[in-house]
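**Q**
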Amino acid sequence: MADLKAVRDPHTILPALYRRAAIDAVGKLDPRFLVRNPVMFTVEIGSIITTLLFLQSLSGNGEAPAGFIGAIAAWLWFTVLFANFAEALAEGRGKAQAEALRRMRQDTLAKKLYLGYAIGMGKEPSEPDYAVVSSSTLHRSDLFYVKAGDTIPVDGEVVEGVASVNESAITGESAPVIRESGGDRSAVTGGTVILSDWLVVRVSANPGEGFLDHMIGLIEGAKRQKTPNEIALNILLIGLTAVFIVICATLYAFSRYSVDAAGEGIPVSVTVLVALFVCLAPTTIGGLLSAIGIAGMDRLIRRNVITTSGRAIEAAGDVDVLLLDKTGTITLGNRQAVDLIPVDGTALPDLAEAAQLASLADETPEGRSIVVLVKEKYGLRGRTVGATDTAGGMQFIPFSSHTRMSGVDFGGVQIRKGAADAMFSSLRKCGQPDVSGELRRAVDGIAQAGGTPLVVTKGGKALGVIHLKDIVKGGIKERFAQLRRMGIKTVMITGDNRLTAATIAAEAGVDDFLAEATPESKLSLIREYQEGGRMVAMTGDGTNDAPALAQADVAVAMNTGTQPAREAANMVDLDSNPTKLIEIVEIGKQLLMTRGALTTFSIANDVAKYFAIIPVAFMSTYPALAGLNIMGLRHGILAAVIFNALIIVALIPLALHGVTYRPMTAEEALRRNIIIFGIGGLVVPFIGIKIIDLLLVLVGG
Amino acid sequence: MADEPLLTILWQQLRPALVLFLLLTVVTGVLYPLVITGIAQLAFPVPANGDLIEQEGKIVGSAHIGQPFVSPRYFWGRPSATLPVAYNAMVSSGSNLGPSSPGLENAVRTRVSTLRAADPENPLPVPVDLVTASGSGLDPDISVAAAYYQVPRIARERNLGEQDVRALVSRYTEPRQFWIFGEPRVNVLTLNLGLDRMSESGVVPAPLDVPDPFSSPALGMRMTDWIVLLLFIGIFIVTVVPLGRFMYRVFTGQKNLLSPVIDPAERWLLAAAGISNGDEMDWKAFSVAMLVLSIISIAFVFLLLEVQGFLPLNPAGTGPVARDVAFNTAVSFATNTNWQAYIPETTVSYLTQMIGLAVQNFMSSAVGVAVLIGLVLGLTRKSASTIGNFWVLLIRSTLILLPISFILALLLISQGTVQTFGGPVTVPLLDPVQDATGGTVTTQTLPLGPVASQVAIKMLGTNGGGFFNANSAHPFENPSPFSNFLENVTILLIPSALCYTFGKMAGAGRKGIAILLAMTLLFLPLLWLAISAELGGNPAFPALGVDQNMTALQPGGNMEGKEARFGIVPSALFAVVTTVTSCGAVNAMHDSFTPLGGAVLLFDMMLGEVVFGGIGSGLYGMLVFVIIAMFIAGLMVGRTPEYLGKKIEPYEMKIATAIILIPIILILSTTAAAVMTGAGRAAVFNPGPHGFSEILYAFTSAAQNNGSAFAGLSAESSFYTLATAVCMLVGRYAVAVLTLALAGSFVRKKIVPEGSGTLREYRPLFILWLVFVILIIGALSFFPVLALGPVVEHLIPVFGSAIHG
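Going down the list, the protein sequences come from chains A and B. For the first sequence, my numbering assigns the number 1 to the initial residue and increments by one for each residue that follows. For the second sequence, my numbering assigns the number 702 to the initial residue and increments by one for each residue that follows.
Structure follows, in structure tokens:
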């Protein structure tokens, strides 16, 4: 079985990655491949031209000393190779992960059910119902049967049966999960293993179209399509490259004119023009652009999120509205009892005991929290249900969502606790015509504070009220404040009533909330935001989330979710962690920032390169241009070309890891990046080229 | 409308194009100059007809046009480079000698030695304006220092006391206008007339103390220069908001100051053209309308130039213009470039100037503004498909330009700009001179015409095509320091206010002000550089015994090609303003600027004519730069870039990149073609790197629709007329149509509301970033050519031209 964890840490396989990337870099010199990256393609053409000039110069009639042309040609080749290496390295990390994934997808045997098998009968298929086939022959809508110990051959949706499944292969989580037909836990992923029981599963994707296939294609880079921002940036880079070609080509004409006008010197050599062009062309960003994109995808995968398109990651950076489910994301999964309020003269310990007794049979988290509260706050020990069941003559009435109450009959006395309105009507049935004013006030008070009141009765008389409250996750408020600074609005989605929702919204610090949410209201809320020009992200797991997920710009389905939800979404979180959305947004932003920062750096670099090359290039015609040689270079052209090549290598780590991301406002982010990459981009090459020039002087004089 | 074939759209736009072309020609080409001439002749009969000087009932010259003086008995004026004789008023012109030209050095050396020979005992260094040719060749003035320098010679020649001659000079010294404008100066013709009278009568005038309260030097310039610069900026601080708001109200059809006039006029024009106000156009129809009008304009002006000989209002009797020059001129005026490959005084009739060229001055500016408003509507409308109606916007722009031109024309006439239908006037020369063939020239012919009405719109519409060859250096176009200030201010009036108009349309004036600030941040350092370069003078001159120092009595600095009444700072200011905008009018000869001064002017244009830029076109070019800057900045903040809430996607980047790149590629490739061909090289006037600058300047100016020139270049050869025409056409229409396509794409987009994740384009940080992006694109594109042209020309005197080692 494959283990993603192993490849999640790239350091474990670093040397192998480098070796492979170095080999791939050479392979990528193939012009048919390189033409997809126009900037580097032009550099390769420049390399070929200078190489030919070098060969010509070896015969003794070159346009410049052979040593010079040869050095330039070599470094131009290095420039292309370094860029290829960056891309290969990024792809290599993806490939390692893809291989791990592919092993999961390897052909397994599948028990394909014949058409005769009828679903919906709850009948476990037996030998005559199926044939054993290769998993690669399974198509969408086919049914297959798996039982304990089998590996689930392909993705699908459970249509019959309940089973526990080990999904650690893709989630890294060792606890088994329950998969059953219907509801929100019906999706199974190929490669996972059934631990108990059996399932009948309907295949959800044709061979090669499953989620894993998508993911493998994406991280390998084969299927990677350029994202809109990447295309737009590429257009700008091609435009700049075109201008620099024109600048360098026309410079030959201007140089010839200058020679005639000054009456001395020789026209600038083609080698120098090619060198100038390569230095000016945005090779830094052009060479690293695809590596940045692949690395972005890679970062997402290392956070256990798989996506069906690169577009989705980029869109994540643009999100302005996050729709977050209250439960599980903003609050801990369940409400907890926090207080007991006795009414009508009841003593607190009596209420506490009654509340505890009434809750013993309530296995819901709320019920358990009442027992815990009573134990911790009032010192009453919990009684074990089994122990007192027969001994005390207790008869437990478990919680049911129908009656919305639970309780115990204890020595002929009915002790009950339940939702306020349900309890009120049961009190009335017990001959209590009016609910006392004090009780009503207590109930209303809790409801107004956003809590859930549970009324406790004993023998048809109300003793008091239990205050249940949603518990907001620690640190979530600060997280939302960060998002707000980044310009992202958080909206809490909850089935609660407005009052409860408003209280929790205030406590958690979300910007807005949708109370009493239904699938329709979620969908219309998303549409409303999108009409207003906003980009909406949401998470979901249930089938009824599917329409909203399909509508949202960035939709993250929980891996535990249903197949429809996973299909409607454009990302799946293998960890099924709803707060992951925030990290996805950050990765999206980081991806764009890295591109912008390197573009700025690349363009700003050109200033220094001009000062390095122009004075030397026209020295023979206009010695006075030495006035522009402000760095005092001896080998300006070669130093600039070497710097241009080495800076690509120096920036590979940045391209792969992304620029440091911190939540901050747009203005702060821009200031930071302009200072580092704009001003830095102006200054660094002056220093770098000077140092390289000094080294060249040391080496060659 | 969107799916209709182009031919159908073309057919639909033909009628409005023809009708409106005709009607607007009548309004701006006939009614407008007629009314102004009428008022001028009634209210300002003397200045409107050339400020002719009468003495004993005879006309002896014009107060604004200098005359040649060679006799040592007379004060000599500025050297004049006009051909075939000096001070030939029918062909106004500067020398166009470059700062490093040996021709210039020789000319100055000769003039110094002539002066020294005429007055061997005078040990003083020669004031620079006395040995450098003026911009117009007709400069009537010399500096006070230049007049005093000649006093010993005059006194000796005329047997007068030096004190008396000094008293006469002081008597004829004109102070700075309103204490701050221009230079104190002496009109050589009136001084010599006074000198003759004094010699005859023996009556010595009492010396006059000329007040010059602000002439003390301050921070490298004079106090007056600082005051004028501050006043210059101050005017825009005052006008931008009200004028911008006024235009906003006009363009959005709201009630405004001129509604009582504009609304009925607009209704009437639209009705005549068969358009209803609500007819909206998508970008294609908008572009077709613009192109149809432009084609009609080019065809009309071309025809007019060919048949003007048969038409009235042709007092100089000009005939048909050479076809290529006519085509170049027609394209030049329709594209708002106003590159002039012809000598107006001898080439075009008054009628051509009025109904051909001046009409295009209005129309091409209005087209620029209409395209701008189309883009702004595209950027600000939400999920729409149309970007306004070209014809409505064209009419509204014209109706904004008309009243301002009207006021400016009258102000100029009050200063001495001529406005008449009368033909050229011949005046006698006080000191007859010999021409090259040895014949004696006794008269000077002064060209006149309906000048002020045309100059007003030439400045206001950032057109720049002079009524006369010397453009705004010509004393009849720009007679006084104050008229110069007015003309200078007018260039920037609308381009600056349009920023605010844009801001209002985008929902907040500050969005426009931010762009205006970015423009200003680019403008001020360039201005500073040009002023300091020009004040520094020519490094070769001190060795020749020329005094280039700035004193209370002379401007000093690099006076070659500059007029004495303006001096250095106003000339440098005018030059920078005219090149950062796409105006191209000149009040000094750019070819003779110092290498660094000339480099600034070149670079101004190379920035893309977006620092204020042409009327309308400057701001739409700037908005494209904003989009590019926003794109990179947007990436750096980690969001799909957006501007005004509209996402910038691959399609928009494709167009925006093309808009920025087209002029750059155009300039470099045509310059390369010129330097590779004999025809291209043959036109060069100045040797060395300066010759390269001349070619580069020509194509930069044409592609960016500026129209100014390093005028030494013989641009009338058919290689240049055709090559520059192509540059002008592509630089104007390819960019305009792409801009409209951009508008058409943006207009369909939703508007993302502003949040704290949005990058605010009006905050200081983005303004600085925008400045950085514009500078770096301009610098990276043109670093090598600037290095091979003006930069090396500047460096040679410093680092020498000999090969090291």
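Glycine residues also receive a C-beta, built at the ideal position from the N, C-alpha and C atoms. Keep in mind it's a predicted model, so treat the numbers as computed, not measured.
With A:M571 as the anchor, note down where its beta strand (DSSP E) starts and where it stops.
**A** Here the beta strand (DSSP E) through A:M571 covers M571 to D573.
**Q** Could you tell me the alpha carbon to alpha carbon distance between A:S57 and A:A66, rounded to whole angstroms?
**A** Their Cα atoms are separated by approximately 5 Å.
**Q** Can you round the beta-carbon distance between A:L549 and A:M535 to whole angstroms, since I take them to be within the 8 Å contact cut?
**A** Contact doesn't hold; Cβ gap of about 14 Å is too wide.
**Q** Residue range of the alpha helix (DSSP H) that A:K28 falls in?
**A** First-last for A:K28: undefined, no H or E at that position.
**Q** Are there 16 or more other CB atoms within 10 angstroms of the CB of B:P1196, so buried, or fewer, so exposed?
**A** Buried, by the Cβ-count rule.
**Q** For B:I1056 versus B:S1106, is the C-beta spacing smaller than 7 Å?
**A** No. Outside cutoff.
**Q** Quick check: what's the CA-CA separation for B:L839 versus B:S1402?
**A** Answer to the nearest angstrom: the Cα atoms are 26 Å apart.
**Q** Just checking: is the beta-carbon of A:P153 within a distance shorter than 7 Å of some beta-carbon in chain B?
**A** Not an interface residue.
**Q** Are the C-beta atoms of B:G1456 and some chain A residue less than 7 Å apart?
**A** Interface residue, yes.
**Q** Whose CA, out of B:I1108, B:L971 and B:V771, lies closest to the CA of B:P734?
**A** Minimum Cα distance to B:P734 is reached at B:I1108.
**Q** Alpha helix (DSSP H) containing B:E806: first to last residue?
**A** Segment P803 to A819, the alpha helix (DSSP H) holding B:E806.
**Q** For the alpha helix (DSSP H) that A:N673 lies in, which residues bound it at each end?
**A** From DSSP, the alpha helix (DSSP H) with A:N673 extends over A666 to N673.
**Q** Just to confirm, does B:Q1120 get its C-beta within under 6 Å of one of the non-hydrogen atoms of the ligand SAM?
**A** Only the bare structure without any ligand can be found here, which leaves the ligand SAM out of the picture.
**Q** When DSSP labels each residue in this structure, what does B:G1238 get in the three-state scheme?
**A** Of the three classes helix, strand and coil, the one that applies to B:G1238 here is coil, per DSSP.
**Q** Taking only beta-carbon positions, decide if B:R1097 is within less than 7 Å of chain A.
**A** No - not a single Cβ of chain A is within 7 Å of the one on B:R1097.
**Q** From which residue to which residue does the beta strand (DSSP E) around B:N888 run?
**A** Run containing B:N888: R886 to N888, per the beta strand (DSSP E) assignment.
**Q** Go ahead and label B:W1040 buried or exposed: buried means 16 or more other beta carbons lie within 10 angstroms of its beta carbon, across all protein chains shown.
**A** Buried: at least 16 other Cβ atoms inside 10 Å.
**Q** Work out the CA separation of B:N1239 and B:V1499 for me, nearest whole Å.
**A** If you take the alpha carbons of B:V1499 and B:N1239, they lie about 12 Å apart.
**Q** Is A:L236 close to chain B, meaning its C-beta is less than 7 Å from at least one C-beta of that chain?
**A** Yes, A:L236 counts as interfacial toward chain B.
**Q** Exposed or buried, which one is B:L944 when buried takes at least 16 other CB atoms within 10 Å?
**A** Buried: at least 16 other Cβ atoms inside 10 Å.
**Q** Considering only DSSP beta bridges, list what A:F396 is partnered with.
**A** A:V408, per the DSSP bridge assignment.
**Q** Counting only C-beta atoms, is B:E1395 closer than 7 Å to chain A at any point?
**A** It does not; no Cβ of chain A falls within 7 Å.
**Q** What residues from the segment 548-578 of chain A come within 7 Å of chain B, judged by C-beta to C-beta, listed N to C?
**A** Listed by position, the residues of the segment 548-578 of chain A near chain B (Cβ gap below 7 Å) amount to none.
**Q** Using a Cβ-Cβ cut-off of 8 Å (strictly less than) and excluding sequence neighbours within five positions of B:V1032, which residues of its own chain qualify?
**A** Cβ within range, chain order: I999, T1038, A1426, M1429 and L1430.
**Q** So which of B:G1210, B:P1016 and B:Y873 has the shortest CA-CA distance to B:T1121?
**A** For the residues B:G1210, B:P1016 and B:Y873, the minimum Cα distance to B:T1121 belongs to B:P1016.
**Q** Relative to the alpha-carbon of A:V684, which residue among A:T660, A:L696, A:A650 and A:L670 has its alpha-carbon at the smallest distance?
**A** When each option's Cα is compared against that of A:V684, the closest is A:A650.
**Q** Residues of chain A with CB under 7 Å from B:T1350, in chain order?
**A** Looking at the sequence provided, one finds Glu at residue 1350 of chain B rather than Thr. Simply P228 and A232.
**Q** Excluding the 5 residues flanking A:V43 on each side, which residues of the same chain have their C-beta closer than 7 Å to its C-beta?
**A** Only L76, T79, V80, V278, A281 and T283 meet the Cβ criterion.
**Q** Measuring CA to CA, which of B:Y1463, B:V1325 and B:G862 is closest to B:Q1214?
**A** Reading off the sequence, residue 1214 of chain B comes out as Ile, not Gln. It is B:Y1463 whose Cα lies nearest to the Cα of B:I1214.
**Q** Listing by chain order, which chain B residues have their CB less than 8 Å from the CB of A:V246?
**A** Here the neighbours are I1365, I1366, L1369 and S1370.
**Q** Taking A:K28 as the query, report the chain B residues whose CB atoms sit under 7 Å from its CB, ordered along the chain.
**A** Near A:K28 there are no residues of chain B at all, since even the closest Cβ is about 25 Å away, more than 7 Å.
**Q** CA-CA distance, A:L698 and A:A64?
**A** Distance between the alpha carbons of A:L698 and A:A64: 22 Å.
**Q** At least one CB of chain A closer than 7 Å to the CB of B:A1488: is that the case?
**A** Yes - at least one Cβ of chain A is within 7 Å of the one on B:A1488.
**Q** With DSSP as the reference, label B:P717 as helix, strand or coil.
**A** Here B:P717 sits in helix by DSSP.
**Q** If you run the structure through DSSP and keep just helix, strand and coil, what is B:R774?
**A** Coil at B:R774, not helix or strand.
**Q** Do the segment 1168-1184 of chain B and the segment 1255-1269 of chain B meet, that is, are 3 or more Cβ pairs less than 8 Å apart?
**A** Cβ pair count under 8 Å is three or more, so yes.
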